[in-house]
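As structure tokens, the structure follows; a few thoughts come after it.
Number of protein chains: 2
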Amino acid sequence: MAEEVKLFRTWSSPFALRVVWALKIKGIDYETIFEDLSNKSPSLLQYNPVYKKVPVLVHNGKPIAESLVILEYIDETWKQAPLLPEDPHERATARFWAKFGEDKVLSSIWSVFIKQGKEQEEAMVPALENLKFLEEELKGKKFFGGETIGFVDLALGWLGNLISLLEEIVGLKVVDGEKFPLLSAWMQDFADAPIIKDNWPPRDRMIVKFQALRDATIVAAAASK
Amino acid sequence: MAEEVKLFRTWSSPFALRVVWALKIKGIDYETIFEDLSNKSPSLLQYNPVYKKVPVLVHNGKPIAESLVILEYIDETWKQAPLLPEDPHERATARFWAKFGEDKVLSSIWSVFIKQGKEQEEAMVPALENLKFLEEELKGKKFFGGETIGFVDLALGWLGNLISLLEEIVGLKVVDGEKFPLLSAWMQDFADAPIIKDNWPPRDRMIVKFQALRDATIVAAAASK
Numbered sequence: 001m002a003e004e005v006k007l008f009r010t011w012s013s014p015f016a017l018r019v020v021w022a023l024k025i026k027g028i029d030y031e032t033i034f035e036d037l038s039n040k041s042p043s044l045l046q047y048n049p050v051y052k053k054v055p056v057l058v059h060n061g062k063p064i065a066e067s068l069v070i071l072e073y074i075d076e077t078w079k080q081a082p083l084l085p086e087d088p089h090e091r092a093t094a095r096f097w098a099k100f101g102e103d104k105v106l107s108s109i110w111s112v113f114i115k116q117g118k119e120q121e122e123a124m125v126p127a128l129e130n131l132k133f134l135e136e137e138l139k140g141k142k143f144f145g146g147e148t149i150g151f152v153d154l155a156l157g158w159l160g161n162l163i164s165l166l167e168e169i170v171g172l173k174v175v176d177g178e179k180f181p182l183l184s185a186w187m188q189d190f191a192d193a194p195i196i197k198d199n200w201p202p203r204d205r206m207i208v209k210f211q212a213l214r215d216a217t218i219v220a221a222a223a224s225k
Numbered sequence: 001m002a003e004e005v006k007l008f009r010t011w012s013s014p015f016a017l018r019v020v021w022a023l024k025i026k027g028i029d030y031e032t033i034f035e036d037l038s039n040k041s042p043s044l045l046q047y048n049p050v051y052k053k054v055p056v057l058v059h060n061g062k063p064i065a066e067s068l069v070i071l072e073y074i075d076e077t078w079k080q081a082p083l084l085p086e087d088p089h090e091r092a093t094a095r096f097w098a099k100f101g102e103d104k105v106l107s108s109i110w111s112v113f114i115k116q117g118k119e120q121e122e123a124m125v126p127a128l129e130n131l132k133f134l135e136e137e138l139k140g141k142k143f144f145g146g147e148t149i150g151f152v153d154l155a156l157g158w159l160g161n162l163i164s165l166l167e168e169i170v171g172l173k174v175v176d177g178e179k180f181p182l183l184s185a186w187m188q189d190f191a192d193a194p195i196i197k198d199n200w201p202p203r204d205r206m207i208v209k210f211q212a213l214r215d216a217t218i219v220a221a222a223a224s225k
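One line per chain: the protein sequences are P and A, in this order.
When we follow the UniProt record's numbering, the leftmost residue of the first sequence carries the number 1, and every step to the right adds one.
When we follow the UniProt record's numbering, the leftmost residue of the second sequence carries the number 1, and every step to the right adds one.
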């Protein structure tokens, strides 16, 4: 049967990027549908009625939503270039860190990004604590997945890239090379990997996008006080 | 090799219950270590340094934390009585609903529980919307897993039980049998399944516990206003 693989994404969604990278690593041909989130397509609403968000992967007519769920699906459907290790305990460890990135690292870094002054300083404390756990996890490894990019790298990868965007926008160093040598090296190695680099949106557009998002969040927070 | 399986839990943690049920369904012998969260054991802190929480499963000396990650581990390690279906798309669907329960249903129900008056009425709107999705998902099925209890049932199961506790404490019907006939039947069928019933903490103790938790949350919220 001819495979039909479609990916609903936006040009900038970091969550959708995880799926793009996974499909590229697996060497899967797919059709891209770029969504305008201010005017969502009927297909997107039909395929993801719960969240109405990208990414959605549609494989032979069947939709899957939620980026980490999609990564697991891709890994189970196309066995080449595995994203998760084989050993159950190593798989559990990978899922644990992917979830940690989602639940803790993301929100704590975002908090640093959208706060100012003393509040920003306070927000740095948990953010740095969370990054310290990742630094520990990288001991003896180039990637979280070992010698090659795996599940945790893809789950955290956009965050790695995002941190450097946010650092540029806010003018603040979060991942200091002296405090976080392994994480700094990982961010560089990940960003330099051809499959990642070739599928990352233009940095100047991302800066504009996230700068606007930050400004809007700060204005909204001030208005609600 | 003799297997060594230990579960760190508290008597009341609903997240730990997921793991208890999964181990019972699989027929795995294990040792239980009951933790006092006001005085955590050095072992718990060593095994789960990130969250310092229960449940933690330790299998042949190797720890796994986070209840849904533990369920996947259990299913991959002991193949009997599968919790997840075999088909990749069905597996993805199960993971999607388990995550939905975690991210959306839990917080929206909790919000109803700890609010009062008009705020509680407002909190009911998203809670009922989320439950409606679950109602739809149950069409044509006895359990989320089909004819037998599976991954999604365990992920949502404690929530099913919790809702009835909360209804009793607050004196409010959330899962109305007329609006949610399938979900009501599921809550009953799930609670009546021997493996679930035999491993559910005493209802009177749970009522006292959650009543105290609610009171403390309401006092804390009032103090921060």
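Quick reminder that beta carbons are idealized off the backbone N, C-alpha and C, glycines included.
How close, in whole Å, do the beta carbons of Ala127 (chain A) and Ile109 (chain A) come, if the pair is a contact with beta carbons under 8 Å? Working through the second sequence from its first residue, we reach residue 127 (chain A) at position 127. Working through the second sequence from its first residue, we reach residue 109 (chain A) at position 109. Confirmed, about 5 Å.
Residues of chain P with CB closer than 7 Å to the CB of Val5 (chain A), please, in chain order. As a working note, residue 5 (chain A) is residue 5 in the second sequence. Simply none; closest approach about 13 Å.
Consult DSSP for Val19 (chain P) and reduce its assignment to one of helix, strand or coil. Translated into the one-based positions of the first sequence, residue 19 (chain P) becomes position 19. In this structure, DSSP gives Val19 (chain P) a helical state, which the three-state scheme calls helix.
With DSSP as the reference, label Glu86 (chain A) as helix, strand or coil. As a first step, residue 86 (chain A) must be located in the second sequence, where it is residue number 86. It is coil, neither helix nor strand.
Tell me, which residues are paired with Glu31 (chain P) by DSSP? Along the first sequence, read from residue 1 onward, the residue named residue 31 (chain P) stands at position 31. DSSP lists P:Lys6 as partners of Glu31 (chain P).
Counterpart residues of Lys62 (chain A) in DSSP-defined beta bridges: As a first step, residue 62 (chain A) is located in the second sequence; it is residue number 62 there, counting from the start. DSSP lists A:His59 as partners of Lys62 (chain A).
Using the beta-carbon count (16 or more within 10 Å), is Lys197 (chain P) buried or exposed? As a working note, residue 197 (chain P) is residue 197 in the first sequence. With fewer than 16 other beta carbons inside 10 angstroms of its own, Lys197 (chain P) counts as exposed.
Measuring CA to CA, which of P:Pro49, P:Lys142, P:Ala94, P:Lys209 is closest to Phe96 (chain A)? The residue you call residue 96 (chain A) lines up with position 96 of the second sequence. The candidate whose alpha carbon is nearest that of Phe96 (chain A) is P:Pro49.
Less than 8 Å between the CB atoms is what I'm expecting for Glu31 (chain A) and Thr10 (chain A), so what's the real figure, rounded? Here residue 31 (chain A) refers to the residue found at position 31 when the second sequence is read from its first residue. Here residue 10 (chain A) refers to the residue found at position 10 when the second sequence is read from its first residue. Glu31 (chain A) to Thr10 (chain A), Cβ: 15 Å. No contact.
DSSP bridge partner residues for Phe143 (chain P) (one or two, in chain order): Counting from 1 along the first sequence, the entry for residue 143 (chain P) is found at position 143. For Phe143 (chain P), the beta-bridge partners assigned by DSSP are P:Gly146.
Exposure of Thr77 (chain A), with buried meaning 16 or more beta-carbon neighbours within 10 Å: For the purposes of this step, residue 77 (chain A) is identified with residue 77 of the second sequence, where counting begins at 1. Buried is the call here.
Find the residues of chain P that neighbour Pro88 (chain A), judging by a C-beta separation of less than 7 Å, and give them in chain order. Taking the first residue of the second sequence as position 1, residue 88 (chain A) is located at position 88. Going along chain P in sequence order, the residues near Pro88 (chain A) (Cβ under 7 Å) are Tyr73, Glu76, Thr77.
Whose Cβ in chain A lies nearer than 8 Å to the Cβ of Phe15 (chain P)? Sequence index remark: in the first sequence, residue 15 (chain P) carries index 15 (1-based). When 8 Å is used as the limit between beta carbons, Phe15 (chain P) is near no residue of chain A, the shortest such separation being about 13 Å.
Output the distance between the C-alpha atoms of Gly145 (chain A) and Met124 (chain P), rounded to the nearest integer angstrom. By 1-based counting over the second sequence, the position of residue 145 (chain A) is 145. By 1-based counting over the first sequence, the position of residue 124 (chain P) is 124. Cα to Cα, Gly145 (chain A) sits roughly 43 Å from Met124 (chain P).
With respect to the alpha helix (DSSP H) encompassing Asp215 (chain P), which residues constitute its N-terminal and C-terminal limits? By one-based count along the first sequence, residue 215 (chain P) stands at place 215. Where Asp215 (chain P) is concerned, the enclosing alpha helix (DSSP H) stretches over 203-223.
If we define contact as Cβ-Cβ less than 9 Å, is Glu66 (chain A) a contact residue for chain P? In the second sequence, residue 66 (chain A) corresponds to position 66, counting from 1. True, the Cβ-Cβ gap to chain P drops below 9 Å.
Chain A partners of Phe144 (chain P), CB-CB under 7 Å? Stepping through the first sequence from its first residue, residue 144 (chain P) is reached at position 144. Listed by position along chain A, the residues whose Cβ is nearer than 7 Å to that of Phe144 (chain P) form an empty set, because the closest Cβ is around 15 Å away.
For the UniProt domain "GST C-terminal" (87-210) of chain A, enumerate the residues whose C-beta is nearer than 7 Å to any C-beta of chain P, in chain order. In summary, the residues of the UniProt domain "GST C-terminal" (87-210) of chain A whose CB is separated from some CB of chain P by less than 7 Å are Pro88, His89, Arg91, Ala92, Arg95, Phe96, Lys99, Phe100, Phe133, in the order they occur in the chain.
Which residues in chain P have a C-beta closer than 8 Å to the C-beta of Val69 (chain A)? List them in chain order. If you number the second sequence from 1, residue 69 (chain A) lands on position 69. What Val69 (chain A) touches in chain P: Ala92, Arg95, Phe96, Lys99.
Is any beta-carbon of chain P found at less than 9 Å from that of Lys62 (chain A)? The residue labelled residue 62 (chain A) in the question sits at position 62 within the second sequence. Between Lys62 (chain A) and chain P, the shortest Cβ-Cβ separation is below 9 Å.
Would you check if there are 3 or more beta carbon pairs closer than 8 Å linking the stretch 38-49 of chain A to the stretch 160-173 of chain A? Contact fails: fewer than three Cβ-Cβ distances are below 8 Å.
Since Gln120 (chain P) is in the alpha helix (DSSP H), which residue starts that stretch and which ends it? To locate residue 120 (chain P), count along the first sequence from 1; it is residue 120. Membership of Gln120 (chain P) in the alpha helix (DSSP H) is indicated by the continuous run 117-137.
Could you tell me whether the Cβ of Val19 (chain A) comes closer than 9 Å to any Cβ of chain P? Here the question's residue 19 (chain A) lines up with position 19 in the second sequence. Judged by the 9 Å Cβ criterion, Val19 (chain A) is not in contact with chain P.
Using the Cβ count rule (16 or more neighbours within 10 Å means buried), how would you classify Arg203 (chain A)? Against the second sequence, residue 203 (chain A) aligns to sequence position 203. That one is exposed.
Per-residue contacts from Val50 (chain A) into chain C (C-beta, under 7 Å): The structure shown has no chain C; the protein chains it does contain are P and A.
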